[in-house]
Amino acid sequence: KAGVTQTPRYLIKTRGQQVTLSCSPISGHRSVSWYQQTPGQGLQFLFEYFSETQRNKGNFPGRFSGRQFSNSRSEMNVSTLELGDSALYLCASSLEREEDEQFFGPGTRLTVL
Amino acid sequence: AQKVTQAQTEISVVEKEDVTLDCVYETRDTTYYLFWYKQPPSGELVFLIRRNSFDEQNEISGRYSWNFQKSTSSFNFTITASQVVDSAVYFCALSEDRKDSSYKLIFGSGTRLLVRP
Chain A
23 KAGVTQTPRY LIKTRGQQVT LSCSPISGHR SVSWYQQTPG QGLQFLFEYF SETQRNKGNF
83 PGRFSGRQFS NSRSEMNVST LELGDSALYL CASSLEREED EQFFGPGTRL TVL
Chain B
491 AQKVTQAQTE ISVVEKEDVT LDCVYETRDT TYYLFWYKQP PSGELVFLIR RNSFDEQNEI
551 SGRYSWNFQK STSSFNFTIT ASQVVDSAVY FCALSEDRKD SSYKLIFGSG TRLLVRP
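Residue numbers (this note's numbering), protein chains in the order written: chain A, 23 to 135; chain B, 491 to 607.
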């Protein structure tokens, strides 16, 4: 079974730009979550989507948004990039419920200059 | 509020030594789930174990073992006879039982383990 895939793997943007990251979950998984990892703040939950609906959301500004498509693939968008948005963005997929383990993708390394 | 504390920032051991990674959590819920993940230099988080709050039985998987104690809110991870390939950052995480079954993993700050030959 193929694992979680994320594209692109690396991205360099400048302040003020916007970016879209993509995540394809494991086949059969309906839940997709996004996390931001930075040296200062560690791993922080961004949001979770299930059946095309946002089911949970972390404490991030509205510049961070996401969506999920009918095939469970998900995208996250960050508008008006700031230097502090430089991070590793990890996507995780799981079957359905909060006790199911989440399987993580390799991440997208975003650098904002 | 939920919180996961991994007080050990970095541990360095010599190969074949045993090492224990500590994890202390805080939650008001009676039903919750605890996880351990490994993050090698490649960056991808690798799932190691899940334990629910009703199951305090310790678990052993090869060289890995986990000790879950609700009385002290701890979920510690021990690697026996460590190997260089065990070098990675290890994260402990907490997920609470939610009415809508939604996900929200709360991670600890991680423990970097360096196993020297």
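Cβ coordinates follow ideal geometry from the N, Cα and C atoms, glycine included.
Asked, Found
"Of all the CB atoms in chain A, is at least one closer than 7 Å to the CB of S551/B?", "no"
"List, in order along the chain, the chain A residues whose C-beta lies closer than 7 Å to that of F597/B?", "G64, L65"
"Where does V598/B fall in DSSP's three states?", "Sequence check: residue 598/B is Gly here, not Val. Coil, per DSSP."
"Output, in chain order, the set of chain B residues within a Cβ distance shorter than 8 Å of G129/A.", "G533, E534"
"Nearest to N542/B by CA position, among N557/B, P530/B, T521/B, N548/B, is which residue?", "T521/B"
"Under 8 Å Cβ-Cβ, which residues of chain B neighbour E123/A?", "F525, F537, R540"
"At what residues does the beta strand (DSSP E) containing E462/B begin and finish?", "Coverage of chain B is limited to positions 491 through 607, which leaves residue 462/B absent and any answer about it impossible."
"Leaving out five residues before and five after E123/A in sequence, what residues of the same chain have Cβ atoms less than 7 Å from its Cβ?", "S116"
"With 9 Å as the limit, tell me which residues of the segment 565-581 of chain B have their beta carbon closer than that to any beta carbon of chain A; keep them in chain order.", "F581"
"Any Cβ of chain A within less than 7 Å of the Cβ of Y593/B?", "yes"
"On the DSSP bridge list, what partners appear for A583/B?", "F525/B, F597/B"
"Since A109/A and Q59/A should fall inside the 8 Å C-beta cutoff, what is the C-beta to C-beta distance between them, to a whole number of angstroms?", "6 Å"
"How would you call T601/B, buried or exposed, if buried means at least 16 neighbouring beta carbons within 10 angstroms?", "buried"
"Could you tell me the distance, in whole angstroms, from the CA atom of V605/B to the CA atom of G129/A?", "25 Å"
"Quick check on G106/A: does DSSP put it in helix, strand or coil?", "helix"
"So C45/A is in the beta strand (DSSP E); what residue range does that whole segment cover?", "41-46"
"Using a Cβ-Cβ cutoff of less than 8 Å, which residues in the same chain neighbour I48/A once the five nearest sequence positions on both sides are dropped?", "K23, A24, G25, V26, S115, F125"
"With DSSP run on the structure shown, which of helix, strand or coil describes S73/A?", "coil"
"Just grab the DSSP bridge partners of V54/A for me.", "Y71/A, S115/A"
"T117/A touches chain B at which residues, Cβ-Cβ below 9 Å?", "A small correction: the amino acid at residue 117/A is Leu; Thr does not occupy that position in the sequence shown. Per Cβ cutoff of 9 Å: no residues; L117/A is ~10 Å from chain B at best."
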